[in-house]
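Below: one structure, written as structure tokens.
Residue numbers (our numbering), protein chains in the order written: chain A, 774 to 969; chain B, 2 to 102.
Structure follows, in structure tokens:
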């Protein structure tokens, strides 16, 4: 999220047309623009509104001008913001980059250490584990550092990390990883030696 | 217009008091509302090039842009399309500075 200056003479506030005409209004705006070279228009976004109205917007491509509670911000590609009633717009912390164990790793111990990269603005992290890929009935551990450790049963586990800011607001989840714990001892080869 | 859907998706037309099942290819007008139930989804396309996928258990309204009252939408917003929720208003613009005549 970054503050940027207001575009001069922006005509879009006048759009109050039937849906079928929205496109025409946009075309008219493009036609009146003076810019050198191709201009990347629009944005790729994801918007989630919770039951209490709190909204999280993630911008994957382009720029989005966001207004909430008298505040205005520009959200660029790769950033997310959260709007809550009566609170200023807040940048959502990025998802941590997981370090170890590697995705789809198999380990032979029940005590497993997990590490990830530091997220700027995070005051603590929530490590989540589940035997279900959708993280139903997940186990969790809150830690102040970028490492956690848990005693787990032999199984295939999925794990992910969420950064939490100083106000307790969670950021985006990391991409999940799969981990298999297999404590079965390796089979010994038995049989008669072959003498040569 | 609706460009594909799955599960139970309903429309409340601006001039009606009753929710009706949405159908593939249905046109959308100002003051219409759409709701999706659990496991349902709808893909919407707009003439300006915007396209949105409405996730399950969502409620959106059309008029002066698109209002997401609850749930989730994801997709491409053409420049100038307004997106509203109970707590914010968002608008896409060109990613480069443009001078308007």
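No residue lacks a Cβ here, since even glycine has one placed at the ideal position from N, Cα and C.
Contact annotation for residue 905/A against chain B: no contact, minimum CB-CB distance about 18 Å [criterion: below 7 Å]. According to the DSSP assignment, residue 958/A belongs to no beta strand (DSSP E), since it is labelled neither H nor E. Runs of the beta strand (DSSP E) lying entirely within the stretch 899–952 of chain A, each at least 3 residues long, are 912–916, 920–924, 929–937 and 943–946 in chain order. Taking a beta-carbon distance threshold of 8 Å, residue 34/B does not count as an interface residue toward chain A. In summary, the residues of the stretch 831–855 of chain A whose CB is separated from some CB of chain B by less than 7 Å are 835, 836, 837, 838, 839, 840 and 841, in the order they occur in the chain. Membership of residue 54/B in the beta strand (DSSP E) is indicated by the continuous run 52–55. When Cβ pairs closer than 8 Å are counted between the two stretches, the stretch 873–887 of chain A is seen not to touch the stretch 845–863 of chain A, the count staying below three. Boundaries of the beta strand (DSSP E) harbouring residue 884/A: 884–889, taken from the DSSP string.
For residue 943/A and residue 963/A, the gap between their C-alpha atoms comes out near 54 Å. Distance from the CA atom of residue 17/B to the CA atom of residue 50/B, rounded to whole angstroms, is 28 Å. At a cut-off of 8 Å between C-beta atoms, residue 957/A does not count as an interface residue with respect to chain B. Only buried fits residue 33/B, as 16 or more other CB atoms lie within 10 angstroms of its CB. With contact defined as three or more Cβ pairs closer than 8 Å, the stretch 29–48 of chain B and the stretch 59–68 of chain B are in contact. For residue 934/A, the closest alpha carbon among the candidates 870/A, 831/A and 965/A is that of 870/A.
Rounded to whole angstroms, residue 891/A and residue 840/A show a C-alpha spacing of 30 Å. Residue 14/B carries a coil assignment under DSSP once its states are collapsed to helix, strand and coil. Listed by position along chain B, the residues whose Cβ is nearer than 8 Å to that of residue 858/A are 87 and 88. In summary, residue 853/A is buried, with 16 or more beta-carbon neighbours lying within 10 Å of its beta-carbon over all protein chains present. Residue 932/A places its beta carbon less than 8 Å from that of residue 950/A. With a cut-off of 8 Å on Cβ pairs, the stretch 843–851 of chain A is in contact with the stretch 828–835 of chain A, counting three or more such pairs. What residue 74/B touches in chain A, judged by beta-carbon distance under 7 Å, is 820, going in chain order. Measuring C-alpha to C-alpha distances from residue 821/A to each of 2/B, 54/B and 45/B identifies 54/B as the nearest.
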